[in-house]
Structure formats: structure tokens, C-alpha cells
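*Asks:*
2 protein chains.
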Amino acid sequence: MVLELLENLGAPSPRNSRARGDDLADILIKDGYIITMDAQRRILERGSVAIEGDKITAVGKDVKERADTVIDARGKAVLPGLINAHTHLSMTLLRGVADDMPLMEWLETKIWPIEKNLTADDCYTGALLGCLEMIKSGTTCFADQYFYMEDVARAVEKAGLRGVLSRGIIELDDPKKRETTIREGERLVKTCHGKANGRILTMFGPHAAYTCSPECLMQVKELAKKYKVGIHVHISESQDEVDKIMKKYGKRPVEHLDSIGFLGSEVLAAHCVQLTEQEIKILHNRKVKPVHNPVSNMKIACGVAPVPEMLAAGIPVALGTDGAASNNSLDMFNEMKFAALLNKVHKLDPVAVPAQVALEMATINGAIALGLQDSIGSLEAGKKADIVLVDLQKPHLKPLHSVISHLVYSAVGSDVDTTIVDGKVLMQGRKVLTLDEDKVLMEAQESSDDFLARREGKK
Amino acid sequence: MVLELLENLGAPSPRNSRARGDDLADILIKDGYIITMDAQRRILERGSVAIEGDKITAVGKDVKERADTVIDARGKAVLPGLINAHTHLSMTLLRGVADDMPLMEWLETKIWPIEKNLTADDCYTGALLGCLEMIKSGTTCFADQYFYMEDVARAVEKAGLRGVLSRGIIELDDPKKRETTIREGERLVKTCHGKANGRILTMFGPHAAYTCSPECLMQVKELAKKYKVGIHVHISESQDEVDKIMKKYGKRPVEHLDSIGFLGSEVLAAHCVQLTEQEIKILHNRKVKPVHNPVSNMKIACGVAPVPEMLAAGIPVALGTDGAASNNSLDMFNEMKFAALLNKVHKLDPVAVPAQVALEMATINGAIALGLQDSIGSLEAGKKADIVLVDLQKPHLKPLHSVISHLVYSAVGSDVDTTIVDGKVLMQGRKVLTLDEDKVLMEAQESSDDFLARREGKK
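Quick mapping for you: the protein sequence lines, in order, are chains A and B.
Per the working numbering, the very first residue in the first sequence carries number 1; after that it's consecutive.
Per the working numbering, the very first residue in the second sequence carries number 1001; after that it's consecutive.
(1) Measuring alpha carbon to alpha carbon, tell me which residue in B:Val1351, B:Val1357, B:Leu1330 and B:Ser1296 is nearest Gly1314 (chain B).
(2) Would you mind giving the Cβ-Cβ distance between Val273 (chain A) and Glu309 (chain A), rounded to the nearest angstrom? I have them listed as a contact below 8 Å.
(3) Does Gln1274 (chain B) have its Cβ less than 8 Å from a Cβ in chain A?
(4) With respect to the alpha helix (DSSP H) encompassing Ala1325 (chain B), which residues constitute its N-terminal and C-terminal limits?
(5) Does the distance from the CB of Ala269 (chain A) to the CB of Val291 (chain A) come in under 8 Å?
(6) Applying a beta-carbon distance threshold of less than 8 Å, which residues of chain B neighbour Met246 (chain A)?
(7) Go through its chain and collect everything with a Cβ distance to Lys177 (chain A)'s Cβ below 7 Å, but skip five positions before and after it.
(8) Which residue or residues does DSSP assign as beta-bridge partners of Pro316 (chain A)?
(9) For Leu379 (chain A), tell me which candidate among A:Met361, A:Ala362, A:Thr36 and A:Pro354 has the shortest Cα-Cα distance.
(10) Please identify, using Cβ separations under 7 Å, the residues of the segment 1377 to 1406 of chain B that lie next to chain A, in order along the chain.
(11) Please report the Cβ distance between Pro80 (chain A) and Asp386 (chain A), rounded to the nearest whole angstrom; I am assuming they are in contact, meaning their Cβ atoms lie under 8 Å.
(12) Taking Cβ positions, are Ala339 (chain A) and Leu311 (chain A) nearer each other than 8 Å?
(13) How many Å lie between Thr1363 (chain B) and Leu1407 (chain B) at the Cα?
(14) Whole angstroms are fine: how far does the CA of Val254 (chain A) sit from the CA of Lys281 (chain A)?
(15) Can you tell me which residues form a DSSP beta bridge with Lys1431 (chain B)?
(16) Among residues of its own chain, excluding the 5 on either side of His1086 (chain B), which ones have a beta-carbon nearer than 7 Å to its beta-carbon?
(17) My output table needs one value for Ala143 (chain A): the three-state DSSP class, helix, strand or coil.
(18) Leu433 (chain A) touches chain B at which residues, Cβ-Cβ below 8 Å?
(19) Give the DSSP-derived three-state secondary structure of Ile245 (chain A) in the structure shown.
(20) Would you check if the segment 381 to 397 of chain A and the segment 100 to 108 of chain A touch, i.e. whether three or more CB-CB distances between them fall below 8 Å?
(21) When you check each C-beta in the segment 289 to 318 of chain A against every C-beta of chain B, which residues fall closer than 7 Å?
(22) Indicate the three-state DSSP secondary structure (helix, strand or coil) for Glu1443 (chain B) in the structure shown.
(23) Is Ile1084 (chain B) buried or exposed, if buried means 16 or more other CB atoms sit within 10 Å of its CB?
(24) Considering only the beta carbon of each residue, do Leu1093 (chain B) and Ala1411 (chain B) sit closer than 8 Å?
(25) Would you decide whether Val1440 (chain B) is buried or exposed? Buried here means 16 or more other CB atoms lie within 10 Å of its CB.
(26) On a Cα-Cα basis, can you pick out the residue from A:Thr181, A:Gly163 and A:Ser296 that is closest to Glu335 (chain A)?
(27) Could you say if the segment 103 to 121 of chain A and the segment 1412 to 1424 of chain B meet the contact criterion of at least three C-beta pairs nearer than 8 Å?
(28) Nearest to Lys394 (chain A) by alpha carbon, out of B:Asp1436, B:Ser1405, B:Pro1395 and B:Ile1368?
(29) Can you tell me whether DSSP reads Val1390 (chain B) as helix, strand or coil?
(30) At 3 residues or longer, and completely inside the segment 208 to 242 of chain A: list those beta strand (DSSP E) runs for me, N to C.
(31) Identify which residue in B:Val1242, B:Leu1217, B:Asp1258 and B:Glu1186 has its Cα closest to the Cα of Tyr1227 (chain B).
(32) Starting from the C-beta of Asp68 (chain A), find all residues in its chain whose C-beta is less than 8 Å away, skip the five residues before and the five after it, and write them out in chain order.
(33) Is DSSP giving Tyr148 (chain A) helix, strand or coil here?
(34) Quick one, are the C-beta atoms of Leu1188 (chain B) and Glu1150 (chain B) less than 8 Å apart?
(35) With a CB to CB cut of under 6 Å and the five nearest residues on each side skipped, what residues in its chain are close to Leu1397 (chain B)?
(36) At a Cβ threshold of 8 Å, is Leu268 (chain A) touching chain B?
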């Protein structure tokens, strides 16, 4: 659905738009452990991936292509760029500002007062920091919901990542707030969808059923249909949310959202922690796309999402970090380990969410959740070249017997050596090529010092 | 208790044994965020630590000492080296060999058959790999229980780490096995305790109440008393273990061990997952030292230890990674994050095990658990110079508002820049000075390839 609009936009690929005198590939990644995540989940030892323009042109053990740039992948895993299917990028600026507090106290005394003071510049700075962190930890695509999203889009365009951006729509019984945030959400879709060779896509972002009325949600649903984009929403994050919805509508959140006709295949549903069997059936029937956020759910102590049950029902659960204020990291390798281990201990079942499944959640399932399964999420000819190389020559990744096990249980973001998005190398040998790292770090510190001082009335 | 014997051994410190012409410190760590973990848990911004020989001589904001070597710690956190209070070091060689399996199948079809094939050389090689991983992730001291422990001691001596080593004693209704393993355990204590300027200490290591008879356990207890060393044991790791002990002795594990007189302040008790309130009381009364192993407990799906309850009872719970086969990492930063988050979600309490407490578990509580609280676990004048520096100039550690939050929720082992043990720099700028990193990685791969081939009868 998102792609359809993208096709309509007719964004040209760099490859198609330039003349070539020969049939050289642009980039050839050679002799790595290729984790394809294709339908057969093939792993190729000493395999290669060829890239032309923004696309993968060949994947295999016998890729004969020559290339302008050859990347030696010996001793490295080559995998689809990880997909962070739910985050709030600019909240990197709130990392470590408040931890170890009850949810409502955390929101009311810390997060919300700070957010009231955030400026467009702050959000741009925070988004740049988040992009830098993602590039350095192997995430190539993410789904974001926050505000000042045109500024976030600027940061994503500059960094070179792929992002699916949505303006958070919050009503809270205030019709004016509803109209303002919906209007800003619509403007984002109109101005940014398909930008940067299609790297920047958009969704509508109604916050949740307890902050948006049924009328607001259905108004958003119609707009999403009109613009042929998805909807990014929080569903059933906490028991408190379930209680609120039960009290107001006499139904549980998923039942309520289904009864008003909101649910559908375009709905990206963060959290999905507190679900009944019946609600899992509804999510499956409506083809909703749940995103598991284990670290945030653990830190805020919301509970454990029924991931094995959703997977068993045939729902392709995706994975996300949530914002850095409740994680406090955007490292998807860390998140995979948590996803695999939390569900094992919760079910007292060491077979629950094996390493292979955790990696699927962070790659192909993320692509499906964002409606981008035809263009990202696996290494296959014809897909976009969103690829990361993980350096396996580390003490914590030795000895090597199962690459998948190491990627999920032993690797961390900083093991990523090379990050490629849309055929462009964003980082190589851990050096980021699109951003001035020191400048991004310095400005993030200045920006957060500044808004904390403003909040305390010191400025 | 352990220290007492060490004093008796009269191991000279390098400082005392060499002539000095002036009062220069050997090393001055300058202008860092000093996380003292002293009784007041002081954090000094732009503070310094002076080291002479193997000891810290000064910690403060106004340390005036000059030094042979000055380490610039601007933008770095300076903290006590982390203490991994329960691991099986040589099992790094089994990392990723088998995952996502039920416990007994995992042990019976994978781990035990492989262990039968392990040689002394394998264990040395695996221990070197584990030491390298620990140096690179900021662990300076660890408690180990495995076999071929004299070979492990050689690796620890070479690497420069501090280790408390024990030979695993297993009986399994075989009196010969009991005598052999006890004899090897005693030999380890006699030959290795206090070696390498006291960096290498020992304990007795009876495996568990379900693998050792009461007679075996009490024989070990007497020997530990004779040699004035501690006892490293597994207690109540799984429900299966509780069931076995209940069936055999009509009591739960802690009650059983108490009834035979085994428990005492010298007992380092790994796991302690399945405990009743009454058992927590017994552990507290007997001054037993429990070690929390969240990642391993999650991966093998054993359950969640009652850490908040033990802490509330006044028990200084320590932290450990367990072996790399069930983790699959020795990264204590990772372990701290898991400890903080697992206990929050398990209690549905976002205040359970705050960041500060997780860091205490990995430092001063680890020291107490090993009976080494007078010499390690905090940065204070007179203690051993076991110190790590964490580079905070990373995207995932910005902005900086709470160093403790960042160390627990955002940092990973590879953020460690410098590791110092016993006053000696083992790693600086991530370059390990005591080991040839490439050689250790290569030999670990060769060794594990070799024993897997032997097991499959290919060799």
C-alpha cells in the first residue's frame, strides 16, 4: 500500500538516471557469510552480493560480477539491514533523563514537561543523534512517531537512512488539538512521502485508543485510505490502558478498535502486550501488524506480550526499541537478544522464540509490518540494497559455529562494520560517512542541556 | 576468609618489592567521572585516581600527585572493575554450539558429550578466550567453576586478570568420581591459591546438592575450613532440581543444605532461582552469598530469582553471566541491563532493581560475595587497583545526564576503553597488552573445530 504510492511518485533510482558505459556493478560484497533471510532462509558461506544503483542485482556463491567498489567480507556476516519497527527518534535527547520510576509519575513529572519545551531544532538534533546511533548499530530502516516530523525527515535525508515517519496525533478531549495534529500529520504525508529516492515514507500516527476518540481514529483511517499510507498506533501497552478503555467503552482495546472498524492490514500496532486469545484472533483476522518492544515493556514494567501465541497464529510480529527514554538504546541486536530470552523465561520454555525467529522479527517481519516486504527485509536480487556487515573477528563472537546464534545472542550493535542503505555506503570500518559524528554528539548534549535548563526556568 | 590465607602467604606487592627514588605515583587517572562505589556511593565529576604498585593510593577531586603515566579520563567514566561472580570460563569454546533446546536435551545430547572430549589444552584455550573477552568488556575479577583448573590458572596469570577458581566436584553416586574430583580440587587450592601476587585465588567447587551427596558436601566443607577458602556451588537453579531434592530428602534445596550444616558465609551460591520466603530467611541467617544470573536463567527458561526480596532481606546479591554456552556472552554490562529489566517486568514494578543497585551487584556486592570486599569492588585508597574506563563519547551514550543510568541501560562491553588489574594496564584504547588477540581467536576456533570433529568421530 505504501509502495503503491511510491510507484505513483515515480521516484527515479540513481542507477536508472545515470549513463553507464559498461555492466560493472557499483558495489560487490565478496566472500562473507550471507544471511539472505529469503523464503528458504538460505545462508551462503563465502557468498557475494552485487549492488547497482539502489538495488541488489545478484546474491549467491558464484556471483561473477566485477564492480567499481569491492568490499571484502571475509570473516563478516552480511545481512539485511535491521528494521526498527517502532521508535520515537528524537527522544534520544531524553536518554537517561529519568529512569526507575512508575509510568504515570515518569510521564507526568518528567517526559511530558520536557516534551512541552522541545523545539523543532531539538527534534532535528535528536533525530540526527538517533540516525547516527542506528547507522552505527546496523539499523537501516525505522518507523517513527513523534512531532516536528518535517525536521526529523531532514535529519533522515541527511543521514541516508530509510524511515517511515508519522506525526503523533493526540486528541485528549480537545477538538482543537485533534485538528491541529491531524492537519500536521496530513501535511507530513503530502510533503515528505517518497522523498529522497523513496527513502522517506510516511504514515498517519494516531497515538492510541485512550488518547484519541473513535471519531478521531476513523477520521485518520479515512485519510490514510485517501493517501494510501499506513497507520502507526500504540495498542494495549499496559494494563492501565486496558482498564481505561474497558471503563469508557465496555470493551478491551483490540475489541473496541475492531468494533469501530479501525483495524486493517495497514495498521502498525506497537506493543500489543495485554491481549486475550480472542484479541489475538482479531489481530490475525484483520491482518494488523504488531510490533514487540521487549526492553521498553520490561523497563516500564508493562508485562510480556504474547509473542509465541501471535507467531503461532501466523502473525508476522516485528521488533522495535521504542524511544530511547524507555530503553535506553536503539540497538536492535540488543533487542533481538531480549526478545528471544524474555519470551523463553516468561513461558518457561527454552524453545520459545529461537534465534532464527528473533532475526526474522528484526528483518523480514519488520519489512512486512511496514508494507515494504517487496523492497527490503531480505537479501534478494531486485530488492533495495539495505545491507549491514557484522565483523565476526571478536572474542565474544568466537568460536564460530552458528552465525545466527551469534547475531542474536552474542553480537552487539558496535560489531557492525559497514552499513549500506539504498545502495549507498553510510558507514565503513565504523567510520560514518554521511554525518560529522563529533558535531552530532556535541549538539545533542547542548540541545538537551538547554531544554533541561529552560524547563527549570534557568533560561 | 580467603584474604586471611592470602595474608599468610605473604605475597609481596610489586610496589613494595622495588626501590623508588621519589614519591611519584605509577599511574594517575585524571579528570574522569569517578564512580567510587564507596559507602557513600560518591560520584566525582572531573576526579582523579592515583595508583602505586598494585594499589589505589588516592581518589578525589584534588589529587595532586604526579605520576609516571597519566591517563586522560576526560569524557570517560572511571569505575571499579566489574566482578563476574559465577561463570565457567572455558565454556566460551561451546558458545553457540547448541541453543534453543530444553535443558536436559541440551545437557545430555550436546554439552556433556562435548565436555567429555575436552582436553587440558582446550580448557586453557577457552580460558584465554574468556579472559580476552572479559578484559575487552571491563570485567576484572571472576569466580569460575570447571575442570583442568590449573590450566585455567595459567591463562588467568598470563592475561593479568583476577580470578577465584574452583574445580567442579561431582559425585553422581560414584565414590571414585567424588574422590578424584575432591582430590583435584584440593590440589588446585594447594598449588594455586595466592599465585600471581594474589590475583589467583581458589575455592572448593561442589557442583550442586543433586550431584553431590550430603557426605560429599560436608567433606568439602571441612576441607574449605582447613584451607580457609570459600565454596562455590549451584543452588536451586531450576524447578527440576527442587523436585529431585524434595523427592530424595523430603526438603527443598536450601532447607536440605541447611539441615546438613553446609551453609555458611563462605558459600557462594549461583542462581538461587527457586526460593521460598523461608529459604530466603535461611540464606540471610547463614550469610550465604547468592549470585544472580539473569541471562542464563532466561535462556534455559529456569525462572526468575527473587532478587528484590533477597535485597530487601539485606542479602548483598552479586551478579554473574554463567558460562558462555547459556548466555552467550561474558559481557557484564549486558548482564546489568538484564538484571535491572528482568526484575522490573517480573514484579510489574518499574522501581525494582534500579540502575544503582544493578551496578552495586556487579561491583561491591560481587566483592562481598567473594570475600574480597576489603581489597576490590570500589575505588578507595588502600584497595587493589582494579579499574575500568568507559568511553562516553558514543552516540548511544549521549546526551549525558546520569552516568549510572548510561552504564547500566545504554553501555555495552565494547565501550570499555581501558582495563587495569592489580595496578597493571591490561588494555588501553581497546588494545589488549597482555594477549595476542588474533592468536587467541584463531586457537579458540581451531580447538573447538577439533573437539567437535573428535566427538563426531571424524578424528
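All residues carry an ideal CB built from backbone N, CA and C; glycine is no exception.
*Replies:* In brief:
(1) Measuring from the Cα of Gly1314 (chain B), the nearest candidate turns out to be B:Val1357.
(2) Actually they are not in contact, since the Cβ atoms of Val273 (chain A) and Glu309 (chain A) sit about 12 Å apart, beyond 8 Å.
(3) With 8 Å as the cut-off, Gln1274 (chain B) does not count as an interface residue toward chain A.
(4) Note, Ala1325 (chain B): premise wrong, no alpha helix (DSSP H); not H, not E.
(5) Remark: C-beta atoms of Ala269 (chain A) and Val291 (chain A) approach each other more closely than 8 Å.
(6) Going along chain B, no residue has its Cβ under 8 Å from Met246 (chain A), so there is no contact; the nearest lies around 18 Å.
(7) Excluding sequence neighbours, Lys177 (chain A) sits near Ile170 and Glu171.
(8) Pro316 (chain A) is not bridged to any residue.
(9) Of the listed residues, the one whose Cα sits closest to Leu379 (chain A) is A:Thr36.
(10) Correct list: Gln1393, Pro1395, His1396, Lys1398, Pro1399, Leu1400, His1401, Ser1402, Ser1405 and His1406.
(11) Going by Cβ atoms, the distance from Pro80 (chain A) to Asp386 (chain A) rounds to 6 Å, so yes, they are a contact pair.
(12) Inclusion of Ala339 (chain A) and Leu311 (chain A) in the CB contact set at 8 Å is not warranted, their separation being larger than that value.
(13) When rounded, the distance between both Cα atoms is 12 Å.
(14) Rounded to the nearest angstrom, the two C-alpha atoms are 10 Å apart.
(15) Paired residues: B:Gln1428.
(16) Once the five neighbours on either side are set aside, the close Cβ partners of His1086 (chain B) are Ala1143, Ala1270, Val1291, Asn1293, Gly1320 and Asp1322.
(17) Ala143 (chain A): strand per DSSP, three-state reduction.
(18) Under a criterion of Cβ atoms nearer than 8 Å, no residue of chain B is adjacent to Leu433 (chain A); the nearest Cβ is some 15 Å distant.
(19) The three-state secondary structure of Ile245 (chain A), taken from DSSP, is helix.
(20) Short answer: they don't touch.
(21) Sequence-ordered contacts of the segment 289 to 318 of chain A with chain B read Val295, Asn297, Met298, Lys299, Ile300, Ala301, Gly303 and Val304 [C-beta pairs closer than 7 Å].
(22) Glu1443 (chain B) falls in the helix class under three-state DSSP.
(23) Here residue 1084 (chain B) is Asn; the residue named in the question, Ile, does not match the sequence. Buried, since its Cβ has 16 or more Cβ neighbours within 10 Å.
(24) Note that the C-beta distance between Leu1093 (chain B) and Ala1411 (chain B) is not below 8 Å.
(25) By the neighbour-count criterion, in which 16 or more other beta carbons inside 10 Å mark a residue as buried, Val1440 (chain B) falls on the buried side.
(26) Considering only A:Thr181, A:Gly163 and A:Ser296, the residue with the shortest C-alpha distance to Glu335 (chain A) is A:Ser296.
(27) For the pair of segments examined, the segment 103 to 121 of chain A was found not to touch the segment 1412 to 1424 of chain B: the number of CB pairs separated by less than 8 Å stays below three.
(28) Comparing alpha carbon positions, the residue from B:Asp1436, B:Ser1405, B:Pro1395 and B:Ile1368 closest to Lys394 (chain A) is B:Asp1436.
(29) Note: Val1390 (chain B) maps to strand in three-state DSSP.
(30) Counting whole runs of 3 or more residues, the segment 208 to 242 of chain A contains the beta strand (DSSP E) stretches 230 to 235.
(31) Among B:Val1242, B:Leu1217, B:Asp1258 and B:Glu1186, the Cα nearest to that of Tyr1227 (chain B) belongs to B:Glu1186.
(32) By the criterion of a C-beta distance shorter than 8 Å, Asp68 (chain A) is surrounded in its chain by Leu24, Ala25, Asp26 and Ile27, once the five residues flanking it on both sides are discounted.
(33) DSSP places Tyr148 (chain A) in coil when its eight states are reduced to three.
(34) For Leu1188 (chain B) and Glu1150 (chain B), yes; Cβs fall inside 8 Å.
(35) Result list for Leu1397 (chain B): His1406 and Ser1410, in chain order.
(36) Chain B, which has no Cβ nearer than 8 Å to the Cβ of Leu268 (chain A), makes this no.
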